[in-house]
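**Student:** The structure under discussion is supplied below as structure tokens; questions concerning it will follow.
Protein chains: 2
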Amino acid sequence: MATLTHPTRLKTTLFGGARIPTPKSRPGPFRVRMSLQESGPSIAVVGVTGAVGQEFLSVLHDRDFPYRSIKMLASKRSAGQKVSFEGQNYVVEELTRDSFDGVEIALFSAGGSISKEFGPIAVERGTIVVDNSSAFRMQDGVPLVVPEVNPEAMEGIKAGKGKGALIANPNCSTIICLMAATPLHRHSKVKRMVVSTYQAASGAGAAAMRELELQTHEVLEGKPVTCEIFQRQYAFNLFSHNSAVLPNGYNEEEMKLVKETRKIWNDKDVKVTATCIRVPVMRAHAESVNLEFEKPLDEDTARDILKKAPGVVVIDDRSSNNFPTPLEVSNKDDVAVGRIRRDVSQEGNYGLDIFVCGDQIRKGAALNAVQIAEMLL
Amino acid sequence: MATLTHPTRLKTTLFGGARIPTPKSRPGPFRVRMSLQESGPSIAVVGVTGAVGQEFLSVLHDRDFPYRSIKMLASKRSAGQKVSFEGQNYVVEELTRDSFDGVEIALFSAGGSISKEFGPIAVERGTIVVDNSSAFRMQDGVPLVVPEVNPEAMEGIKAGKGKGALIANPNCSTIICLMAATPLHRHSKVKRMVVSTYQAASGAGAAAMRELELQTHEVLEGKPVTCEIFQRQYAFNLFSHNSAVLPNGYNEEEMKLVKETRKIWNDKDVKVTATCIRVPVMRAHAESVNLEFEKPLDEDTARDILKKAPGVVVIDDRSSNNFPTPLEVSNKDDVAVGRIRRDVSQEGNYGLDIFVCGDQIRKGAALNAVQIAEMLL
């Protein structure tokens, strides 16, 4: 039985027969064309051996992100591992208080407790931290940014050139939802959103992806399933998101969607409810989103708005039943939107239903963080 | 590579390591205790070789349904196959115009076109047809029945003893949703429901279940996937429900939820919207349901109401993150409800979010039909 030991093998093994749509070319403001190792900032990747850490490298490469030097940082456990990147070999260094000397931009994805401990240390040394954890997202004064959605939130930091600062990358579900909802919200203010998610294994890290694959082998062979990451069978099953359930009955993942949307949209009044579910899919999330608007927005206008939105691709062919799927957006930058239709449960054109898919590791994490870093160049 | 050729093997292969909750004992009005082959009606099962047809037999047996004789009917292609049931061997007979002579109750699950052709023929011969297809569901004068929800819809047929009649079994998603929503609706009228489904392979039949399993083998082995039932990869993926998309942008499955709810609740005003998605799960559906009520209904009252509801089991343990999963309800009669919480996007106690799981083949199809038949005894 072949088991996977590295998330990059999942890409080839688990996306075998997928139809891969042609990615929309995106010559937008975030595309950096040069890759001069002499001219860019000095950067660091914290948590470089994790699923998102590896994707940071992949995205930095794909986007020709310019850097003068790059540090590969991780926990003591991973220190000493070798990483090859853009023709150079690096040794993963242990993350310490002194790691950030001379580092201008650090991309963090090593979990909330590492961010809480080392984020402020890095800022003190003058580093701008783009943090993928939830540690600082709701903290006043820390911008929570999706570059296509609220680039204006970065202005204070761009003005304070050379100073250290924290910038938070929103939660994957929030990014993917708002990539689709924001262009519509700009046209006809969203009053209320009801979101149900179909979340991939990758959100729980590379080990969860491996567990899903291992369990699937086990189930097909009639063996008992190995449950190390989740407390229940994941293969051929689904379950309520594994984050802690809060006193109000929502889990943390759901409340991120509720609260982060308010902060990103700078709108305390927007009403959001969410039900977050893990499904046996590898690395892209899907979301069913019901929207209530203040002003009418018909489905044709909505489709036109979404077709023009940067970072969004519309897949909405009713006649051939062709709509977004997680597999199609896997390893892709764009968030795909389809099933765009007038909500028959609301009066006139005050409601829409849409279905959104986005790569959790890429736009839901690494790509968005690198886009933020690009805004600092 | 072991491939499955019969859906019953899926039960043991694909539900291997599942936690199986203790089923709630149900000494309700539909429990029939005798199984006297001399005293019951003469019955027929139409489409006996399909996934639901096989489950009809399993449910008839489990519930000691009394019958004087039983006919196993299917298409010409399946005629001649042998079926063993309750210690007797039967040969599957080809369905013809003369199949219903002397048959008092026929359980149909052979697709809409077979129902449309042979349902009226059976009724003419005096047979009461309980039809699992969508052929007659919205037809005036045909009761659309979930026994726990609207038993009163059967009264006309029970009064017309001895006469042939059509009774429609609702769509699986509708049954599972309304099993949970109706007890709440009776307390504080539901004004609007926003439903997102997570639907299993079984809804597309035994061949779809086999395709999901075969594809999963193929993906794990890095081979191209076999797409015969669906036009896209199903393993480690999900997609918008494969039913036809109507001019209003909803697919047929979604409009069943919208329209059948109105008929079953006898409430033309209830607003429903739905997004129906197929997920790589074998035989039980899940549904995320957002409810808006006319009168306040707090979550504790809702939980108490659901705990007392027949055919419903509440699994709602926030501290251990234990909520319903499709695997847990597979091969079970009860519909499981959890994630019961006040909707933070609505004022006061006018909204609730719930998560529902139910076995698509059992309560979503065969069990509900047999329960209807029991009401005729």
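Residue numbers (the working numbering), protein chains in the order written: chain A, 5 to 381; chain B, 5 to 381.
Glycine residues also receive a C-beta, built at the ideal position from the N, C-alpha and C atoms.
Since the structure is predicted, the reported quantities are computational estimates derived from the model, not experimental observations.
Going by beta-carbon coordinates alone, are Ser113(A) and Ala139(A) separated by less than 8 Å?
**Tutor:** If you number the first sequence from 1, residue 113(A) lands on position 109. If you number the first sequence from 1, residue 139(A) lands on position 135. No, they are not a contact pair.
**Student:** Are the CB atoms of Gly168(B) and Val134(B) nearer to each other than 8 Å?
**Tutor:** Within the second sequence, residue 168(B) is the residue found at index 164, counting from 1. Within the second sequence, residue 134(B) is the residue found at index 130, counting from 1. Going by C-beta atoms, Gly168(B) is not nearer than 8 Å to Val134(B).
**Student:** Could you tell me the distance, in whole angstroms, from the CA atom of Ala211(B) to the CA atom of Ala239(B)?
**Tutor:** Here residue 211(B) is taken as the residue at index 207 of the second sequence, counted from 1. Here residue 239(B) is taken as the residue at index 235 of the second sequence, counted from 1. When rounded, the distance between both Cα atoms is 14 Å.
**Student:** If you check the beta carbons only, do His289(B) and Thr201(B) fall under 8 Å apart?
**Tutor:** Within the second sequence, residue 289(B) is the residue found at index 285, counting from 1. Within the second sequence, residue 201(B) is the residue found at index 197, counting from 1. It is a contact, given that the beta carbons lie within the stated cut-off.
**Student:** In chain A, which residues lie with their C-beta within 8 Å of the C-beta of Leu170(B)?
**Tutor:** As a position in the second sequence, residue 170(B) is number 166, starting the count at 1. Per Cβ cutoff of 8 Å: no residues; Leu170(B) is ~27 Å from chain A at best.
**Student:** Determine which residues of the region 281–315 of chain B have a Cβ less than 8 Å from any Cβ of chain A, and write them out in chain order.
**Tutor:** Residues passing the 8 Å Cβ filter: Ile281, Val283, Pro284, Val285, Met286, Ala290, Ser292, Asn294, Glu303.
**Student:** When the cut-off is 8 Å and only beta carbons count, does Thr131(B) lie next to chain A?
**Tutor:** For the purposes of this step, residue 131(B) is taken as residue 127 along the second sequence, with counting starting at 1. Not an interface residue.
**Student:** Tell me which residues of the region 241–273 of chain A have at least one Cβ-Cβ distance to chain B shorter than 7 Å, keeping chain order.
**Tutor:** Here the close residues are Asn241, Leu242, Phe243, Ser244, Asn246, Val249, Asn252, Gly253, Tyr254, Val262.
**Student:** Please state whether DSSP places Ser29(B) in a helix, a strand or coil.
**Tutor:** In the second sequence, the residue the question calls residue 29(B) occupies position 25. Since pLDDT at Ser29(B) reaches only 34, below the 50 mark, its modelled position is unreliable, and no value is offered.
**Student:** Along the alpha helix (DSSP H) that carries Leu380(A), what are the first and last residues, could you check?
**Tutor:** Along the first sequence, read from residue 1 onward, the residue named residue 380(A) stands at position 376. Per DSSP, Leu380(A) belongs to no alpha helix (DSSP H) and is neither H nor E.
**Student:** Measure the C-alpha to C-alpha separation of Val333(B) and Cys181(B) and round it to an integer number of angstroms.
**Tutor:** For this step, residue 333(B) is matched to residue 329 along the second sequence. For this step, residue 181(B) is matched to residue 177 along the second sequence. Roughly 14 Å between the two C-alpha positions.
**Student:** Hey, Phe243(A) and Ser292(A): beta-carbon distance below 8 Å or not?
**Tutor:** Walking along the first sequence from the start, residue 243(A) turns up at place 239. Walking along the first sequence from the start, residue 292(A) turns up at place 288. No, these two residues do not count as a Cβ contact at 8 Å.
**Student:** How far does the alpha helix (DSSP H) with Lys162(B) in it reach, from first residue to last?
**Tutor:** Counting from one through the second sequence, the residue named residue 162(B) turns up at place 158. That run of the alpha helix (DSSP H) goes 159–163.
**Student:** Contact defined as beta carbons within less than 8 Å: I believe Val63(A) pairs with Arg287(A). What is the distance between those atoms, to the nearest angstrom?
**Tutor:** Translated into positions along the first sequence, residue 63(A) becomes position 59. Translated into positions along the first sequence, residue 287(A) becomes position 283. Their Cβ separation, rounded to whole angstroms, is 14 Å, which puts Val63(A) and Arg287(A) out of contact at 8 Å.
**Student:** Taking all protein chains shown into account, decide if Ala248(B) is buried (16 or more other Cβ within 10 angstroms of its Cβ) or exposed.
**Tutor:** In the second sequence, residue 248(B) corresponds to position 244, counting from 1. Exposed.
**Student:** Give me the chain A residues within the contact set of Ser200(B), using Cβ-Cβ distance strictly less than 7 Å, ordered along the chain.
**Tutor:** Start at 1 with the first residue of the second sequence, and residue 200(B) comes out as number 196. Within 7 Å Cβ-Cβ: Ser200, Ser292.
**Student:** Between which two residues does the alpha helix (DSSP H) containing Met142(A) stretch?
**Tutor:** The residue you call residue 142(A) lines up with position 138 of the first sequence. Careful: Met142(A) lies outside any alpha helix (DSSP H) and carries neither H nor E.
**Student:** Which value, in whole angstroms, describes the spacing of the CA atoms of Met76(B) and Gln375(B)?
**Tutor:** Taking the second sequence and counting its residues from 1, the one referred to as residue 76(B) is at position 72. Taking the second sequence and counting its residues from 1, the one referred to as residue 375(B) is at position 371. Distance between the alpha carbons of Met76(B) and Gln375(B) is about 19 Å.
**Student:** Cβ closer than 7 Å: which chain B residues qualify as neighbours of Gln364(A)?
**Tutor:** Within the first sequence, numbered from 1, the residue matching residue 364(A) stands at position 360. Those within 7 Å of Gln364(A) in chain B number zero; the least Cβ separation is about 14 Å.
**Student:** Please report how far the alpha carbon of Asp321(A) lies from the alpha carbon of Cys361(A), in whole angstroms.
**Tutor:** Residue numbering aside, residue 321(A) sits at position 317 when the first sequence is read from its first letter. Residue numbering aside, residue 361(A) sits at position 357 when the first sequence is read from its first letter. Going by the C-alpha atoms only, they are around 15 Å apart.
**Student:** For chain A, check one thing: does any of its Cβ atoms lie closer than 8 Å to the Cβ of Arg346(B)?
**Tutor:** Sequence index remark: in the second sequence, residue 346(B) carries index 342 (1-based). With 8 Å as the cut-off, Arg346(B) counts as an interface residue toward chain A.
**Student:** Output the boundary residues of the alpha helix (DSSP H) element that contains Ile319(B).
**Tutor:** What you label residue 319(B) is simply residue 315 of the second sequence in a count that begins at 1. Looking at the DSSP string, Ile319(B) is not in any alpha helix (DSSP H), and its letter there is neither H nor E.
**Student:** Which of helix, strand or coil does DSSP assign to Asn372(A)?
**Tutor:** Stepping through the first sequence from its first residue, residue 372(A) is reached at position 368. Helix, per DSSP.
**Student:** Taking Cβ positions, are Ala83(B) and Glu98(B) nearer each other than 8 Å?
**Tutor:** Sequence index remark: in the second sequence, residue 83(B) carries index 79 (1-based). Sequence index remark: in the second sequence, residue 98(B) carries index 94 (1-based). It is a contact, given that the beta carbons lie within the stated cut-off.
**Student:** With 16 as the cutoff for other CB atoms within 10 Å, does Gln237(B) come out buried or exposed?
**Tutor:** Translated into the one-based positions of the second sequence, residue 237(B) becomes position 233. It counts as buried.
**Student:** How is the alpha helix (DSSP H) around Thr178(B) delimited, first residue to last?
**Tutor:** Here residue 178(B) refers to the residue found at position 174 when the second sequence is read from its first residue. Run containing Thr178(B): 176–191, per the alpha helix (DSSP H) assignment.
**Student:** Output the distance between the C-alpha atoms of Ser73(B) and Gln85(B), rounded to the nearest integer angstrom.
**Tutor:** Sequence index remark: in the second sequence, residue 73(B) carries index 69 (1-based). Sequence index remark: in the second sequence, residue 85(B) carries index 81 (1-based). Those two C-alpha atoms are separated by around 18 Å.
**Student:** Are the beta-carbon atoms belonging to Arg325(B) and Asn246(A) less than 8 Å from one another?
**Tutor:** Here residue 325(B) refers to the residue found at position 321 of the second sequence. Here residue 246(A) refers to the residue found at position 242 of the first sequence. The residue asked about is misnamed: residue 325(B) is Asn in this sequence, not Arg. Closer than 8 Å, so yes.
**Student:** State buried or exposed for His65(B), treating a residue as buried only when at least 16 other CB atoms are found within 10 Å of its CB.
**Tutor:** Reading the second sequence from its first residue, position 61 is the one you call residue 65(B). Exposed, since its Cβ has fewer than 16 Cβ neighbours within 10 Å.
**Student:** Are the region 181–200 of chain A and the region 141–153 of chain A touching by the rule of at least three beta carbon pairs closer than 8 Å?
**Tutor:** Yes: at least three Cβ pairs fall under 8 Å.
**Student:** Are there 16 or more other CB atoms within 10 angstroms of the CB of Phe34(A), so buried, or fewer, so exposed?
**Tutor:** In the first sequence, residue 34(A) corresponds to position 30, counting from 1. Residue placement at Phe34(A) cannot be trusted, given a pLDDT of 34 that sits under 50; what the coordinates show is reported in the next sentence. Classification of Phe34(A): buried, given that the 10 Å Cβ count is 16 or more.
**Student:** Since Asn175(A) meets chain B, which of its residues come closer than 8 Å, beta carbon to beta carbon?
**Tutor:** Position 171 of the first sequence holds residue 175(A). What Asn175(A) touches in chain B: nothing, since even the nearest Cβ is about 17 Å away.
**Student:** Closest to Glu256(B) by CA distance: which of Leu216(B), Met142(B), Ile161(B) is it?
**Tutor:** Your numbering for residue 256(B) matches position 252 in the second sequence. Comparing Cα positions, the closest option is Met142(B).
**Student:** Comparing the C-beta of Thr329(A) with each C-beta of chain B, is any distance below 8 Å?
**Tutor:** As a position in the first sequence, residue 329(A) is number 325, starting the count at 1. For Thr329(A), the answer is yes, since a Cβ of chain B falls inside 8 Å of its Cβ.
**Student:** Please list the terminal residues of the continuous beta strand (DSSP E) segment that includes Glu296(B).
**Tutor:** Locating residue 296(B) in the second sequence gives position 292, counting from the first residue. Element bounds for Glu296(B): 288–297.
**Student:** Is Asp338(A) close to chain B, meaning its C-beta is less than 8 Å from at least one C-beta of that chain?
**Tutor:** Within the first sequence, residue 338(A) is the residue found at index 334, counting from 1. With 8 Å as the cut-off, Asp338(A) does not count as an interface residue toward chain B.
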